Amino acid sequence: MMDKDSEMMIWTDIMNNPEVGDNPPTPGMSYFEQDFRKDKVDLMAIHRYLSAKCLGTEAEDATPPPATMPEVIQSGPPNGVESLLSWLGQDATQIDPEELDRQLHGDSRMLRVDEKVVMAFKVGRDTTCFTTKRALFIDVQGWTGSKVEYKSIPYKALRAFSVESAGSWDRDSEVKLYPKTYWMPVVVQDLRKGKADIIAIQNFLSQKLLGDSNIAGADQGVAVAAGAAGSVGVDGFLSWLGGDARAVDAAEVDRQLHSAPCILMADEKAESAFKVGRDMLVLTTKRVLRIDVQGWTGNKVEYKSVPLKHCSAFHVQSPGMLDFDAESGIFTDVPGWSCCGTDLRKGRVDIFAFEAAVAAKILQKSI
C-alpha cells in the first residue's frame, strides 16, 4: 500500500569466471530486477509473457522461440488479482487443484493454456502450487496483503530437491527446491503438518526431474497418489534403519523404499546403500538419495535427491589413527548443494566398495 512500485525479478544460470580465492564464487549477471510504477504496468501481462518464454519443454528449447501470441500480452481485467487473493483466503490447508486451476486460468490468466495445476497447498496467506510446467509460489506480503510476489521455477531449471517431514515439536514440514540460479540457490517452503502429503510431493518431483516427461499421464500427476503410505509405514522404515554404521543390503533398501514410504519410482532401483547412525546414502539407477533423520525423537526426516546427471565428481578419504571415520563426498553442479558428503565408519564400510559404486554411476554418465 505504501510502496508505489511493482517489481520484476529474473534469475539466470549465468556465472562469471571466479578469481583465485573467490570461494564461493561471486555470481555474475545471474539476477535482474526492474521496478515498475504502480498502476502503469500490467504485471500479469509481463508474467504471461515470461511464462511463454521460459516454460517451454527441452524439445522446444532446441528450436527458435515462437512468436508471442497477442493474447499473451493483452491486459487482463483490473480486478483479476484481487479476485484470486480473495478466493485464496487465510486458512492453512490443501487446495483443490481443479478449483485453483480454474482460478489461475480465469481473470488473472496466470497459467499457460497448455498448463494444468496438479497439487496446491496453502499456509497462512501464501500458496505453493505445482503445475505441469513449474513450481509457482504466491507470497502475500505486508499488513494489507496488497503486495504479492509470484515466483515461478520451471522444472527444467531444477537440479535437486528435498522434502522433510514434520517432527514431534515442529508443526511444519518443508519442501526445498534447488534451481541452477546462483543468487537463489535454494527455495524453502513450509507446509503445515497434516495438511500436505510430502511423500506425494516427493513422488511428483521425482517424476518431473527423474522420469520421462513423455510418459502417458505424466502431466496429470498420476504418480502422486503413491504417497499415501501413512505414518505407520514411515515409522516402520525408521525402525528398520536402526542405529549402526554399516553398508546395507541394497535389495532390502530397494524393497523398503518401494513400499513404506514409497520414495523410489516404479522403474527405479536402489543399487548401493550406506548408513551412518540414523542417516543413509542410497545410490539408485536415477539419483543420489540422502535420508537424514533429525531430532531427538527421529520423527523429522529429510529425503534429499539429486539426479545422477548433475553429479560430476567424487572423493573418498580413509580414516586416520585417531579418526574413526572415513569420509566421502559426491560433487554436483547444484549451486545450493555443491557436495553430498557422508562419514563412513571405520571397519564397517569398505571405502573402496563405496568408491567403486560411485564411480560406476558417475563415470558411466560421462562416457
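With the sequence shown counted from 1, adding 1 to any position gets you the numbering used here. The beta-carbon is built from N, C-alpha and C at its ideal position, and this holds for glycine as well. Given the structure is predicted, the values throughout are model-derived calculations rather than measurements.
Item checked: Residue from 290, 121, 321 and 355 whose Cα sits closest to the Cα of residue 315 -> As a working mapping, residue 315 is identified with position 314 in the sequence shown. It is 355 whose Cα lies nearest to the Cα of residue 315.
Margin query: For residue 358 and residue 284, I'd like the C-alpha separation in whole angstroms.
Written below: Residue numbering aside, residue 358 sits at position 357 when the sequence shown is read from its first letter. Residue numbering aside, residue 284 sits at position 283 when the sequence shown is read from its first letter. Approximately 8 Å between the Cα atoms of the pair.
Checklist line | Run of the alpha helix (DSSP H) containing residue 50, from where it starts to where it stops | finding: Position 49 of the sequence shown, counting from 1, holds the residue named residue 50. Here the alpha helix (DSSP H) through residue 50 covers 44–55.
Checklist line | Sub-8 Å separation of residue 113 and residue 134 beta-carbons | finding: In the sequence shown, counting from the first residue as 1, residue 113 sits at position 112. In the sequence shown, counting from the first residue as 1, residue 134 sits at position 133. Taking 8 Å as the Cβ cut-off, residue 113 and residue 134 qualify as a contacting pair.
Margin query: I'd like to know whether the C-beta atoms of residue 9 and residue 31 end up nearer to each other than 8 Å.
Written below: Sequence index remark: in the sequence shown, residue 9 carries index 8 (1-based). Sequence index remark: in the sequence shown, residue 31 carries index 30 (1-based). Result no, Cβ atoms of residue 9 and residue 31 do not sit closer than 8 Å.
Item checked: Span of the beta strand (DSSP E) around residue 178 -> Working through the sequence shown from its first residue, we reach residue 178 at position 177. Counting along the chain, the beta strand (DSSP E) containing residue 178 begins and ends at 173–180.
Notebook entry, point to check: Helix, strand or coil for residue 156 per DSSP?
Noted result: Numbered from its first residue, the sequence shown carries residue 156 at position 155. Here DSSP, grouped into helix, strand and coil, assigns residue 156 to helix.
Next item on the list: Spell out a yes or no on whether the region 294–305 and the region 150–165 are touching, meaning 3 or more CB-CB pairs, one atom from each, closer than 8 Å.
Entry: Yes, the region 294–305 touches the region 150–165.
Next item on the list: Name the two residues that bound the continuous beta strand (DSSP E) containing residue 121.
Entry: Translated into positions along the sequence shown, residue 121 becomes position 120. Counting along the chain, the beta strand (DSSP E) containing residue 121 begins and ends at 118–124.
Check: Can you check whether the CB of residue 200 is closer than 8 Å to the CB of residue 130?
Finding: Start at 1 with the first residue of the sequence shown, and residue 130 comes out as number 129. Start at 1 with the first residue of the sequence shown, and residue 200 comes out as number 199. At a Cβ-Cβ threshold of 8 Å, residue 130 and residue 200 do not count as neighbours.
Item checked: Collapsed DSSP secondary structure at residue 16 in the structure displayed -> Along the sequence shown, one-based indexing puts residue 16 at 15. Three-state DSSP puts residue 16 in coil, outside helix and strand.
Check: Can you tell me where the beta strand (DSSP E) with residue 253 in it begins and where it stops?
Finding: To locate residue 253, count along the sequence shown from 1; it is residue 252. Per DSSP, residue 253 belongs to no beta strand (DSSP E); it is in the alpha helix (DSSP H), 251–258.
Check: Thinking C-beta only, is residue 153 closer than 8 Å to residue 137?
Finding: Residue mapping note: residue 137 aligns to position 136 of the sequence shown, counting from 1. Residue mapping note: residue 153 aligns to position 152 of the sequence shown, counting from 1. Yes, the pair counts as a contact, with Cβ atoms nearer than the cut-off.
Next item on the list: Could you tell me how far apart the beta carbons of residue 105 and residue 118 are, in whole angstroms, since I believe they sit closer than 8 Å?
Entry: Here residue 105 is taken as the residue at index 104 of the sequence shown, counted from 1. Here residue 118 is taken as the residue at index 117 of the sequence shown, counted from 1. So it is a contact: roughly 7 Å between Cβ atoms.
Next item on the list: Could you spell out where the alpha helix (DSSP H) holding residue 186 opens and where it closes?
Entry: Translated into the one-based positions of the sequence shown, residue 186 becomes position 185. Where residue 186 is concerned, there is no enclosing alpha helix (DSSP H), given that its DSSP letter is neither H nor E.
Next item on the list: Can you say whether residue 54 is buried or exposed, counting buried as having 16 or more other CB atoms within 10 angstroms of its CB?
Entry: Taking the sequence shown and counting its residues from 1, one reaches residue 54 at position 53. Residue 54 is exposed by the Cβ-count criterion.
Margin query: Helix, strand or coil for residue 103? Go by DSSP, reduced to three states.
Written below: Translated into positions along the sequence shown, residue 103 becomes position 102. Look at residue 103 here: in three-state DSSP terms it is helix.
Next item on the list: Starting from residue 132, follow its DSSP beta bridges and name the residues at the other end.
Entry: The sequence position of residue 132 within the sequence shown is 131, counting from 1. Here residue 132 is bridged, per DSSP, to 118.
Check: Looking at the structure shown, is residue 269 part of a helix, part of a strand, or coil, going by DSSP?
Finding: Along the sequence shown, read from residue 1 onward, the residue named residue 269 stands at position 268. The DSSP-derived three-state label of residue 269 is coil.
Notebook entry, point to check: Which residues in the same chain as residue 319 place their Cβ atom closer than 8 Å to its Cβ, once the five residues preceding and following it in sequence are excluded?
Noted result: For the purposes of this step, residue 319 is taken as residue 318 along the sequence shown, with counting starting at 1. Excluding positions up to five away in sequence, the list reads 327 and 352.
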